[in-house]
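Okay, so here's the structure we're looking at.
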Amino acid sequence: AKIGPGIRSGALVGAVANADAEDNQPATATVEGDEVVIEATKAYVTNALIADWFAVVLKCDDKPAVALVERDAKGFTRGERLDTLGYRGVTVAPVWLDKVRIPKDQLLGPFDDWGPVTDLRRTEDLILAGASVGLGARTFEAAKAHANEHQRGGKPIIAYQEIRYRLAEMLTLVQTAQLTVH
Numbered sequence: 048a049k050i051g052p053g054i055r056s057g058a059l060v061g062a063v064a065n066a067d068a069e070d071n072q073p074a075t076a077t078v079e080g081d082e083v084v085i086e087a088t089k090a091y092v093t094n095a096l097i098a099d100w101f102a103v104v105l106k107c108d109d110k111p112a113v114a115l116v117e118r119d120a121k122g123f124t125r126g127e128r129l130d131t132l133g134y135r136g137v138t139v140a141p142v143w144l145d146k147v148r149i150p151k152d153q154l155l156g157p158f159d160d161w162g163p164v165t166d167l168r169r170t171e172d173l174i175l176a177g178a179s180v181g182l183g184a185r186t187f188e189a190a191k192a193h194a195n196e197h198q199r200g201g202k203p204i205i206a207y208q209e210i211r212y213r214l215a216e217m218l219t220l221v222q223t224a225q226l227t228v229h
């Protein structure tokens with residue numbers, strides 16, 4: 048209740064910590080009285096460096112759950128920004144949760160199945176797919192502008208059939224991706 052309005056209004060920034068680190072040690076939560084203790088290493092977290100709150104996908108009692116963790120929680124560490132090809136406006140970084148304690152009411156679940164977590168992952172995938180389509184469209188527009196402005200043999204390179212073919216192929220791929228995302 049204290050997070051939702053801030054996220055919806057844009058006053059708070061959220062992130063989903065979904066992908067476990069490469070060592071395949073799943074994130075876990077243990078309920079201790081009125082608190083939940085979290086151990087996790089998440090490899091690729093979008094908005095990690097700017098988020099106020101993190102939805103951390105983990106297992107609690109061997110069932111899927113999502114913990115809502117504030118960025119300033121004791122034991123919560125954010126890593127260095129990772130290089131992202133073409134996604135300069137997105138901050139992606141690893142995060143570590145070392146015995147982070149949160150109130151029990153900030154744990155969603157545990158759920159009987161992976162349905163709610165799968166829905167969260169689909170939403171995350173859709174956001175990344177939309178960003179990728181936007182990146183592809185911007186790349187096409189930049190290539191087209193370059194082909195119109197750059198000269199070879201006294202004429203713009205877009206006058207050459209091979210360049211037009213490559214641009215048409217690129218546009219087809221971008222439009223196919225747009226349709227797939229829609």
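In the working numbering, the protein residues as written are 48 to 229. From the three backbone atoms N, C-alpha and C, an ideal C-beta is built for every residue, glycine too.
*Which residues mark the beginning and the end of the beta strand (DSSP E) in which R148 is found?*
In the sequence shown, the residue the question calls residue 148 occupies position 101. Taken as a continuous stretch (DSSP letters only), the beta strand (DSSP E) holding R148 covers V139 to P150.
*How many Å lie between D81 and V116 at the Cα?*
Walking along the sequence shown from the start, residue 81 turns up at place 34. Walking along the sequence shown from the start, residue 116 turns up at place 69. For D81 and V116, the distance between alpha carbons rounds to 15 Å.
*K191 - partner residues in DSSP beta bridges*: By one-based count along the sequence shown, residue 191 stands at place 144. Beta-bridge pairing links K191 to no other residue.
*W100 and I149 closer than 8 Å at C-beta*: Along the sequence shown, one-based indexing puts residue 100 at 53. Along the sequence shown, one-based indexing puts residue 149 at 102. No; because the gap between Cβ atoms is not below 8 Å, this pair is not in contact.
*Verify whether the separation of the beta carbon atoms of G183 and V139 is less than 8 Å.*
As a position in the sequence shown, residue 183 is number 136, starting the count at 1. As a position in the sequence shown, residue 139 is number 92, starting the count at 1. It is not a contact, given that the beta carbons lie outside the stated cut-off.
_Spatial distance of A62 from Q198 (CA atoms)_ = Reading the sequence shown from its first residue, position 15 is the one you call residue 62. Reading the sequence shown from its first residue, position 151 is the one you call residue 198. Taking the straight line from one Cα to the other gives about 45 Å.
*Any idea if N65 is buried or exposed, counting beta-carbon neighbours within 10 angstroms, 16 or more meaning buried?*
Working through the sequence shown from its first residue, we reach residue 65 at position 18. Buried, by the Cβ-count rule.
*Helix, strand or coil for I85 per DSSP?*
Your numbering for residue 85 matches position 38 in the sequence shown. Note: I85 maps to strand in three-state DSSP.
*asked:* Contact between the stretch 165 to 177 and the stretch 198 to 215 is defined here as three or more beta-carbon pairs at a separation below 8 Å; is this criterion met?
replied: no
*Going by DSSP, what residues sit across from P203 in a beta bridge?*
Working through the sequence shown from its first residue, we reach residue 203 at position 156. P203 is bridged to Q198.
_Determine whether the beta carbon atoms of I205 and A189 lie at a separation below 8 Å._
Counting from one through the sequence shown, the residue named residue 205 turns up at place 158. Counting from one through the sequence shown, the residue named residue 189 turns up at place 142. The answer is no: Cβ separation not under 8 Å.
*Tell me whether V58 is buried or exposed, calling it buried when 16 or more other Cβ atoms sit within 10 Å of its Cβ.*
Counting from 1 along the sequence shown, the entry for residue 58 is found at position 11. At residue 58 the sequence reads Ala, which differs from the Val that was named. A58 comes out exposed.
*asked:* Taking 8 Å as the threshold (C-beta atoms), are E79 and L144 in contact?
replied: By one-based count along the sequence shown, residue 144 stands at place 97. By one-based count along the sequence shown, residue 79 stands at place 32. Not in contact: L144 and E79 (Cβ atoms no closer than 8 Å).
*Just tell me which of A102, E127, V84 and R169 has its CA closest to the CA of L96.*
Counting from 1 along the sequence shown, the entry for residue 96 is found at position 49. Comparing Cα positions, the closest option is E127.
*Note the first and the last residue of the continuous alpha helix (DSSP H) segment covering T219.*
Here residue 219 refers to the residue found at position 172 of the sequence shown. Q208 to V228 is the extent of the alpha helix (DSSP H) around T219.
_Classify K146: buried if its beta carbon has 16 or more other beta carbons within 10 angstroms, exposed otherwise._
For the purposes of this step, residue 146 is taken as residue 99 along the sequence shown, with counting starting at 1. Classification for K146: exposed.
*State the CB to CB distance for the pair Q153 and A114, rounded to an integer number of angstroms; the pair is presumed to be in contact (CB under 8 Å).*
Start at 1 with the first residue of the sequence shown, and residue 153 comes out as number 106. Start at 1 with the first residue of the sequence shown, and residue 114 comes out as number 67. Correct: roughly 6 Å between the Cβ atoms.
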